[in-house]
Amino acid sequence: MWNIQNFPELPSTQLYAKRQLQAGKAKHGDVITTLHQTEGRGRNETRSWLDEPGSNVLMSIVLTEIPTVLHDKMQFVAGLSVLEAVRSIVPGENIRIKWPNDILHDWKKISGVISEAIWSGNILKGMVIGIGINVNQQKFPDEVSGHAISLCQITGREIPVEQVRDLVLSEISRNLHSAADVLGRLRNELEWLRYIGHFSLTDSGGTNFPGLRYDGITDEGSLVTISGNGEKKIFQNASMSFQ
Ligand code: BTN
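Take my numbering: the last position of the sequence shown gets the number 245, and nothing is skipped along the way.
Set out below in structure tokens:
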């Protein structure tokens, strides 16, 4: 089902795929990949996604035929698909998903996901799922070093980037076609957050909320937290950190 289009370099696969979809030039299953992004974007508009050329999975997937029950859950379908693919590459390692969809090895990030819906008025034209996975990168820029890790650094051997890409794509096809309970799986995978004590969240406006504890996931996939004074607060979109 995948139509892979590889470019030597792009500003951002996400930007390219969204423009193609908006212009009516993209179809279900198009996968835009590149060896290097010059303006790779993170989930938060203000964050960039940096890569060492040729080392990592950098791809954006166009989906226009998404089962209705999954429309608002694609960011979790993508995160869980990357989680399964990464676990199959590094079996026995401590690989976890951090809400909403980062993949971690111990406390370091291997992969990040963006999921964006493209609308024409009130009609959903499709979604673009952007996935970055650190595969063979050996050195990370100062701003992320200490928080990032690659599969090669975990295993001590180089792994073909296409192999990782194809594993993720086959997990996504499987998850799109199965009626599996996405939120149930996400909740199971996030149970570890109950045992880590406090974390902080930064919302999309940049406000920081320190000293929160995990209290579950709503039926919409939002994060339920409890603050130091026992107050419950629900976040739909935020970044979690542990220091
Ligand atoms: C995050 O963790 O903040 C999400 C990072 C997503 C990065 C990927 S790399 C391929 C695609 N193109 C982009 O510009 N960003 C996504």
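Ideal Cβ positions, reconstructed from N, Cα and C, are used throughout, including at glycine. Everything numeric in this text was worked out from a predicted model, so none of it was measured.
Work out the CA separation of F201 and T15 for me, nearest whole Å. 31 Å
*asked:* Within the continuous beta strand (DSSP E) that includes S62, where are the two ends?
replied: 59-65
Buried or exposed: where does P102 fall if 16 or more other Cβ atoms within 10 Å of its Cβ makes it buried? buried
Please state if the CB of S62 and the CB of I112 are separated by a distance shorter than 8 Å. no
Practice item. Assuming K100 contacts G223 (C-beta within less than 8 Å), just tell me the rounded distance between them. Key: That pair is no contact at about 14 Å.
L37, DSSP secondary structure in three states
coil
Endpoints, the alpha helix (DSSP H) within which L185 is located: From DSSP, the alpha helix (DSSP H) with L185 extends over 184-192.
Is L192 a contact residue of ligand 1, with contact defined as CB to any heavy atom under 7 Å? L192 Cβ: outside cutoff for every heavy atom of ligand 1.
Original post:
Quick one: what does DSSP say Q245 is sitting in, helix, strand or coil?
Top reply: coil
Alpha-carbon spacing of I174 relative to V88, whole angstroms:
13 Å
(request) Kindly list the residues whose CB is nearer than 8 Å to the CB of E41, restricted to its own chain and excluding five residues on each side of it in sequence; keep chain order. (result) P13, S14, L17, S50, listed in sequence order.
- Query: Looking only at DSSP bridge pairs, what is R43 linked to?
  - Reply: S50
query: What separation, rounded to the nearest whole angstrom, lies between the Cα atoms of I156 and N124?
result: A direct Cα-to-Cα measurement between I156 and N124 gives close to 44 Å.
(message) Looking only at its chain, what residues have a beta carbon closer than 8 Å to the beta carbon of S147, apart from the 5 residues adjacent to it on each side?
(response) K141
- prompt: So is H73 buried or exposed if we call it buried at 16+ other beta carbons inside 10 Å?
  reply: Answer is exposed; the Cβ neighbour count stays below 16.
Run through the stretch 85-129 for me and flag every whole beta strand (DSSP E) of 3 or more residues, listed as ranges in chain order. 97-100, 104-107, 110-122
Within 10 angstroms of its Cβ, does H107 collect 16 or more other Cβ (buried), or is it exposed?
buried
Practice task
Return yes when the C-beta of R21 is under 7 Å from any heavy atom of ligand 1, and no when it is not.
Solution key: no
Just reading off the beta strand (DSSP E) that S202 is part of, what are its end residues?
201-205
Which same chain residues end up closer than 6 Å to A28 when comparing Cβ atoms and leaving out the 5 residues on each side of it in sequence?
Closer than 6 Å at Cβ, skipping near neighbours: Q22, V64.
So what does DSSP say about N177, is it helix, strand or coil?
In the structure shown, N177 sits in a helix (DSSP, three-state: H, G or I).
Discussion item. At a threshold of 7 Å, does V115 count as lining ligand 1 (C-beta to nearest heavy atom)?
Written reply: yes
Does the beta-carbon of E164 have 16 or more other beta-carbons within 10 angstroms, so that it is buried, or is it exposed?
-> exposed
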